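Numbering (full-length UniProt numbering), first residue to last: 1 to 259. Built from N, CA and C at the ideal position, the CB exists for glycine as well. Given the structure is predicted, the values throughout are model-derived calculations rather than measurements.
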Amino acid sequence: MKERKAIESWLTDMDGVLVHEGEPVPGAPEFVNRMKSSGKPFLILTNNSIYTPRDLQARLYRMGFDVDEQSIWTAALATAQFLADQRPGGTAYVIGEAGLTTAMHAAGYVLTEFDPDYVVLGETRTYSFEAITKAIRLISAGSRFICTNPDATGPSNEGLLPAAGSVAAMVSKATGVKPYFVGKPNPMMMRSALNAIGAHSETTAMIGDRMDTDVLCGLEAGLETILVLTGISSRMESETYPYRPSRIVNSVADLIDEI
1 MKERKAIESW LTDMDGVLVH EGEPVPGAPE FVNRMKSSGK PFLILTNNSI YTPRDLQARL
61 YRMGFDVDEQ SIWTAALATA QFLADQRPGG TAYVIGEAGL TTAMHAAGYV LTEFDPDYVV
121 LGETRTYSFE AITKAIRLIS AGSRFICTNP DATGPSNEGL LPAAGSVAAM VSKATGVKPY
181 FVGKPNPMMM RSALNAIGAH SETTAMIGDR MDTDVLCGLE AGLETILVLT GISSRMESET
241 YPYRPSRIVN SVADLIDEI
């Protein structure tokens, strides 16, 4: 087996890797500080499109992480960049919150409900039946269907919440049109992150807690993949998949000395 090159850049998921249930994973702030002080390019990734990087920066700061907003890459940013590349200066009907609408505006898109080029579905705390109905009608009339991420559920203090993937399935059932998902596990998310920091896949590692998104996405993008056991996937569960991470560690605290 060909030996991989030394890691020069790092990509890491946020929930389940750096934070868990609203608290920092032990050793995670020190891990992030080490990445910052090393001067090596890195990004913190999230499929959640609700928040802007500035919102997430403030959230992380309250938990002891000192990161720049430029070091945070969301599915909303990846989606906006993808659409700007595909159809510059286009129009979109957006279901989502500030993280997505801000990214779409910054990419030069006009948000409208009148014959848009795209219907873009993201995460929101409250999905409106009226908005979903509008999306179904626009897609049926010919608008292209994009979804920020395929996650079926998301966490909350009260328990699981339906996420963008579940709502997308409902829209698809009504229209017969499947969306194009930009976020993990689409390797597009990894490639856009690599481009954002000028990194190369052969010298970059992806750290995640989910086999079905983080590890799969990193694997398909050609990155070294590191599964941590502080989130969703366990060591036993990892053995049930037809693919494997490059390695498994207990937490990011085990990686501090490698940076």
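Closest Cα partner of residue i within the set the options
| i | options | result |
| --- | --- | --- |
| R137 | F31, T175 and R191 | T175 |
| G154 | T133, V119 and N48 | N48 |
| N250 | I226, N186, A205 and P185 | I226 |
| I248 | M236, I259 and P179 | M236 |
| R144 | M188, A131, A135 and R59 | A135 |
| D115 | T101, A131 and T91 | T91 |
Euclidean distance between Cα positions of residue i and residue j
| i | j | result |
| --- | --- | --- |
| Q57 | K36 | 14 Å |
| D68 | L161 | 29 Å |
| P88 | I256 | 41 Å |
| Y118 | D254 | 43 Å |
| A106 | Q70 | 14 Å |
| Y243 | M206 | 15 Å |
| P29 | W73 | 18 Å |
| I44 | I7 | 16 Å |
The beta strand (DSSP E) enclosing residue i, as first and last residue numbers
| i | result |
| --- | --- |
| residue 260 | Any property of residue 260 remains undetermined from this structure, which presents the chain solely from 1 to 259. |
| V120 | Y118 to L121 |
| I72 | I72 to T74 |
| S9 | S9 to D13 |
| residue 261 | Residue 261 is absent from the model: the chain starts at 1 and stops at 259. |
| A92 | T91 to I95 |
| R247 | R247 to V249 |
Proximity of residue i and residue j at Cβ, strictly below 7 Å
| i | j | result |
| --- | --- | --- |
| D212 | G231 | no |
| A103 | L121 | no |
| I139 | V182 | no |
| Q86 | S192 | no |
| E123 | A164 | yes |
| T46 | M14 | yes |
Endpoints, the alpha helix (DSSP H) within which residue i is located
| i | result |
| --- | --- |
| I197 | P187 to I197 |
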